[in-house]
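Engineer: Numbering follows this note's numbering, with no gaps: position 160 of the sequence shown is 163.
Backbone N, C-alpha and C define an ideal beta-carbon position, used for all residues, glycine too.
Here it is, the structure in full.
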Amino acid sequence: FPPTSCFWSVQNVLWTPSKLIARLGREINNGKSYLYWAYKANGSLGDMLYFHSFRSPGLIIDVVQDIRAMNGEAVHASPRKTGMIILGGGLPKHHICNANMMRNGADYAVYINTAQEFDGSDSGARPDEAVSWGKIRGSAKTVKVHCDATIAFPLLVAETFASRSKNF
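Shown next as structure tokens:
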């Protein structure tokens, strides 16, 4: 674990997860550092913070600020349209869909995961279930791709975004 002295400047300072991750990446910026790659992949940062909190309590990471920022992006997108590309499911899917609910639903949605509907999980829910909650508009164009995201997403990018960009 990093020494407690590394955290002296963040005591009693309110941070969000996204601000902390961005700061780590900016400060470390060295591909030889395992901490740099934890920033890039979000590794076990939560575990490190959890254990650090026992040795030196006082660091507060405010998830609500990130939720407000995400919801604000969706709400203030009007009159433009919004779309979601959901890789996998769970909490990220939940929060992205809820952000769009704050603006009466997304206009486009692509779900890519292997989860099935029968177990009642949020990950397995189809786009039409999100329509019933107002997370996706009834008029939206939606699709659920039943495939592992690590297979389907690179193919999607290669055939859409990458094929249109010379810099990609």
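Please tell me whether residue 141 and residue 112 are closer than 8 Å, where the distance is taken between their beta carbons.
Structural biologist: Counting from one through the sequence shown, the residue named residue 141 turns up at place 138. Counting from one through the sequence shown, the residue named residue 112 turns up at place 109. Contact flag unset, no.
Engineer: Going residue by residue through the region 10-98, where are the continuous alpha helix (DSSP H) segments of at least 4 residues, counting only ones entirely within it?
Structural biologist: Listed in chain order, they are 20-31, 37-44, 48-58, 66-78.
Engineer: Assign residue 129 to one of three DSSP states: helix, strand, or coil.
Structural biologist: Indexing the sequence shown from 1 puts residue 129 at position 126. In the structure shown, residue 129 sits in coil (DSSP, three-state: anything other than H, G, I, E or B).
Engineer: Would you say the region 129-140 touches the region 93-106, given that touching needs at least three Cβ pairs under 8 Å?
Structural biologist: yes
Engineer: Looking only at its chain, what residues have a beta carbon closer than 7 Å to the beta carbon of residue 4, apart from the 5 residues adjacent to it on each side?
Structural biologist: Mapped onto the sequence shown, residue 4 falls at position 1. Model confidence at residue 4 stands at a pLDDT of 48, short of 50, so the residue's coordinates are unreliable; what they give is reported in the following sentence. 51, 54, 55, listed in sequence order.
Engineer: Can you look up residue 142 in the DSSP assignment and give me helix, strand or coil?
Structural biologist: Position 139 of the sequence shown, counted from the first residue, corresponds to residue 142. Reduced to three states, the DSSP call for residue 142 is strand.
Engineer: Just the Cα atoms here: how many angstroms apart are residue 29 and residue 19?
Structural biologist: For the purposes of this step, residue 29 is taken as residue 26 along the sequence shown, with counting starting at 1. For the purposes of this step, residue 19 is taken as residue 16 along the sequence shown, with counting starting at 1. Using only the alpha carbons, I get a separation of about 15 Å.
Engineer: In the structure shown, what three-state DSSP assignment does residue 3 receive?
Structural biologist: Only positions 4 to 171 of the chain appear in the structure, and residue 3 is not among them; the question remains open.
Engineer: So is residue 116 buried or exposed if we call it buried at 16+ other beta carbons inside 10 Å?
Structural biologist: In the sequence shown, counting from the first residue as 1, residue 116 sits at position 113. Residue 116 comes out buried.
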